[in-house]
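Beneath this line is the structure, given in structure tokens, with notes to follow.
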Amino acid sequence: MLHAGLVSITFRQLEPARIVALAQEARLASIEWGGDLHAPPGDERRARQLASMTRDAGLQVSAYGSYYRLRDGAKEEAPFEAVLATALALGAPVIRVWAGVAGPDATAPKEREAIVERARRICAMAGAERTRVHFEFHRNTLTETSAMAGLLLRQVDAAGVYWQPRNGWLPQENLLALEAVSPWLGNVHCFHWWPTSRDRLPLREGEADWRLYLDRLAALPGERQVSLEFVRDNSPEQFLRDAATLRAWLARYA
């Protein structure tokens with residue numbers, strides 16, 4: 000089953016209380032709290048406050064969008080131990096991370112091996128706390144293509160993947176990528192940009208594309224969040240319109 004949610008970084012300019020209120024007004028099911036501003040790694044007190052605020056509004060914490068990158072420990076913005084502690088304070092079932100700092104063609108074989116080992120380490124740490132690690136399907140990481148994402152996920156069998164359409168790809172290309180990572184698929188980020196990432200459009204204008212994606216997502220087993228990430232002009236009013244659009248789409252699969 001598919002549920003409508005929100006990624007908090009959609010509104011980096013807003014305080015958490017306002018974000019919770021917007022998600023509640025939009026009749027969404029969940030919030031993924033971002034680690035770059037709203038829930039910084041290591042601030043467990045703030046994370047617990049966010050968790051309480053979210054629950055009190057009748058919403059779930061769908062994930063911790065940590066922005067943790069699998070890289071050499073000396074270059075980490077924050078150690079994974081702090082990321083994990085924050086996710087646990089949030090009550091997040093999933094920690095979203097990025098697989099390295101460059102795409103497959105720009106990552107040397109030895110660094111790929113090191114990323115796999117780091118991934119196994121953090122997945123084991125998270126698993127011991129009954130939390131999962133999901134790599135984001137994102138450019139400039141080892142999971143920027145479905146082929147490389149599949150290879151990494153087969154090597155790190157405790158991990159999952161977040162999917163989102165790649166801007167500039169045709170809908171059928173995105174659908175093929177979604178199909179390729181579907182065995183490991185967790186949540187999904189939802190937006191409509193075209194032709195570049197600077198061109199954010201109302202979600203309803205992407206209905207033809209998203210109907211393809213949602214048809215496939217609805218056929219997969221299990222439950223997952225389809226979370227709005229970014230809206231035109233960072234506008235709360237546009238967000239409410241996009242949320243209504245997303246809820247109407249998902250109602251077809253209920």
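Residues in the sequence shown are numbered from 0 upward in steps of one, following numbering that gives the first Met the number 0. Where a beta carbon is used, it is the ideal one built from N, C-alpha and C, also for glycine.
The beta carbon of A56 sits closer than 8 Å to the beta carbons of V19, A20, A22 and Q23 from its chain, once the five residues preceding and following it are set aside; these are given in chain order. Residues P201 of the same chain have their beta carbon placed closer than 7 Å to that of R240, with the five preceding and five following residues left out of the count. Taken atom to atom, the span from the alpha-carbon of R120 to that of E43 is near 22 Å. In this structure, the straight-line span from the alpha carbon of A91 to that of I30 is close to 10 Å.
The beta carbon of A217 is closer than 7 Å to those of L1 and Y252 in its chain, skipping five residues each way along the sequence.
Taken through DSSP and simplified to helix, strand or coil, G102 comes out as coil.
With fewer than 16 neighbouring CB atoms inside 10 Å of its own CB, T195 falls in the exposed class.
Collapsing the DSSP output to three states places N186 in a strand. Only residues of its own chain outside the window of five on either side were considered, and among them H191 have a CB closer than 6 Å to the CB of G205, listed in chain order. The segment 162-181 makes contact with the segment 128-142: 3 or more CB pairs, one atom from each, lie closer than 8 Å.
DSSP lists G4 and H188 as the bridge partner or partners of S226. Between the segment 58-78 and the segment 102-109 there are fewer than three inter-stretch CB-CB distances shorter than 8 Å, so the stretches are not counted as touching.
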